[in-house]
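Per the numbering used here, residue 178 is the first one in the sequence shown, and the count goes up by one each step.
All residues carry an ideal CB built from backbone N, CA and C; glycine is no exception.
Here's the structure we're looking at; comments come further down.
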Amino acid sequence: MVNLSKVGDQNYKAYVGPLDRYDFMGATQFRLLSTLGLRSHHKLLDFGCGSLRAGKLFIPYLDASNYFGQDPNQSLIDEGIKKELGESIKDIKKPNFSNLDNFEVGFNEKFDFAVAQSIFSHTNLQLTKKGLLAIYNALSDDGLAVVTIIEGNDYKGVQEWSYPECTTYQPSTIKHVMNEMGFKWRRLYWFHPSQTWFVIAKKKSRLPSFLDTLFLLGGEEVGSSAYKKQHFLSNRLFSIKKKLKRLKGL
Ligand SMILES: C[S@@+](CC[C@H](N)C(=O)[O-])C[C@H]1O[C@@H](n2cnc3c(N)ncnc32)[C@H](O)[C@@H]1O
């Protein structure tokens with residue numbers, strides 16, 4: 178289980194995840210989105226933006242008014258602005274924020290890209306479906322969303338939102354949900370220390386190809402001693418084997 182601080186914890190960094198991953202988890206979101214084609218003229222939804230762990234990179238990168246962060250905890254956003262970016266960023270880059278907390282999208286916009294990092298790792302199935310659909314509906318026709326989910330046994334708890342504890346879902350459940358909603362989607366191998374990234378689009382042609390996911394979308398920290406379990410080769414070999422079996426109809 179990820180060691181997150183409790184609600185009300187004063188530390189704006191520890192509230193969103195392990196302190197020693199604050200920098201990495203922001204950087205990896207930025208690297209993933211820019212690898213998938215995020216450019217400064219695009220509009221980006223950062224659903225559950227927290228203390229701007231990723232926003233501190235996205236906001237300066239994007240053109241003014243193109244960053245849209247949503248999080249019910251305004252104090253996290255305020256701390257992120259104050260301690261990571263400086264108040265002047267508001268005038269220079271004009272980021273947009275919403276505190277809507279009902280898993281709808283709080284902006285009347287169509288987005289080129291959306292990211293929800295470690296949001297659907299805290300939701301029950303109903304809230305997961307609601308949030309995923311809201312994000313999907315807020316995408317432009319060519320838009321792409323990336324979300325993380327933890328693969329494991331299906332969450333059986335009673336809470337809609339479980340925090341700082343995490344929820345997990347079997348790969349077959351995730352597949353069922355994505356297909357049921359009519360999403361075009363792929364599981365990514367983009368490295369995450371504890372979760373799995375998925376990419377969602379309205380058009381299949383917008384998804385990275387299977388080969389791109391294997392060879393261009395890795396996200397590992399080369400030579401890192403911090404993350405020994407990156408499983409670069411075994412992960413991919415297993416997946417190629419599965420794909421070949423499927424193609425041969427075995
Ligand atoms: C594990 S943190 C991840 C934050 C951010 N995505 C990141 O990677 O740093 C989970 C975030 O979900 C936010 N959250 C809680 N309830 C939410 C809701 N109803 N809608 C959107 N975000 C919510 C929390 O305030 C917290 O910032």
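(Q) Suppose you measure from the CA of Leu177 to the CA of Gly263; what does that come to, to the nearest Å? (A) Here the chain comprises residues numbered 178 to 427, so residue 177 is not present and cannot be evaluated.
Q.
As a quick exercise: from Phe375, Ser371, Pro370, pick the residue whose alpha carbon is nearest that of Asn356.
A. Counted from its first residue, the sequence shown places residue 356 at position 179. Of the listed residues, the one whose Cα sits closest to Asn356 is Phe375.
Q. Taking all protein chains shown into account, do 16 or more other C-beta atoms lie within 10 angstroms of the C-beta of Gln336, making it buried, or fewer, making it exposed?
A. On the sequence shown, residue 336 is found 159 positions in, with the first residue counted as 1. By the 10 Å Cβ count, Gln336 comes out exposed.
Q: Could you name the residues of the same chain whose beta carbon sits closer than 6 Å to that of Leu414, not counting the 5 residues immediately before and after it, in chain order?
A: Counting from one through the sequence shown, the residue named residue 414 turns up at place 237. Result list for Leu414: empty, nothing under 6 Å.
Q: Determine which residues share a DSSP beta bridge with Leu141 and list them.
A: Not covered by the structure: residue 141. The range shown for the chain is 178 to 427.
Q: Check whether the Cβ atoms of Lys380 and Asp289 lie closer than 9 Å to each other.
A: Against the sequence shown, residue 380 aligns to sequence position 203. Against the sequence shown, residue 289 aligns to sequence position 112. No; because the gap between Cβ atoms is not below 9 Å, this pair is not in contact.
Q.
Just to confirm before moving on: does the CB-CB distance between Leu213 and Leu394 stay below 9 Å?
A. Numbered from 1 along the sequence shown, position 36 holds the residue referred to as residue 213. Numbered from 1 along the sequence shown, position 217 holds the residue referred to as residue 394. For the pair Leu213 and Leu394, the CB atoms are nearer than the 9 Å cut-off.
Q. What alpha helix (DSSP H) runs, 4 residues minimum, are completely inside the region 255-313?
A. 265-270
**Q.** CB contact flag (Thr300, Thr373, <9 Å)
**A.** For this step, residue 300 is matched to residue 123 along the sequence shown. For this step, residue 373 is matched to residue 196 along the sequence shown. Cβ atoms of Thr300 and Thr373: not closer than 9 Å.
**Q.** Three or more C-beta pairs below 8 Å linking the region 233-242 and the region 194-212
**A.** Touching, yes, given that three or more Cβ pairs across the two stretches are closer than 8 Å.
Q: Indicate the three-state DSSP secondary structure (helix, strand or coil) for Asp240 in the structure shown.
A: Position 63 of the sequence shown, counted from the first residue, corresponds to residue 240. In this structure, Asp240 counts as coil in the three-state DSSP scheme.
Q.
Taking its Cβ as the centre, do 16 or more other Cβ atoms sit within 10 Å of Phe392, making it buried, or is it exposed?
A. Against the sequence shown, residue 392 aligns to sequence position 215. Phe392 comes out exposed.
**Q.** Reduced DSSP secondary structure (H/G/I, E/B, other) of Gly203
**A.** Counted from its first residue, the sequence shown places residue 203 at position 26. The three-state secondary structure of Gly203, taken from DSSP, is helix.
Q: Using three-state DSSP, classify Gly185 as helix, strand or coil.
A: In the sequence shown, residue 185 corresponds to position 8, counting from 1. Bear in mind that a pLDDT of 39 at Gly185, under 50, signals an unreliable position, so the model cannot answer this.
Q) Going by other Cβ atoms of all chains shown within 10 Å of its Cβ, with 16 needed for buried, is Ala403 buried or exposed? A) Taking the first residue of the sequence shown as position 1, residue 403 is located at position 226. Its Cβ having fewer than 16 others within 10 Å, Ala403 is exposed.
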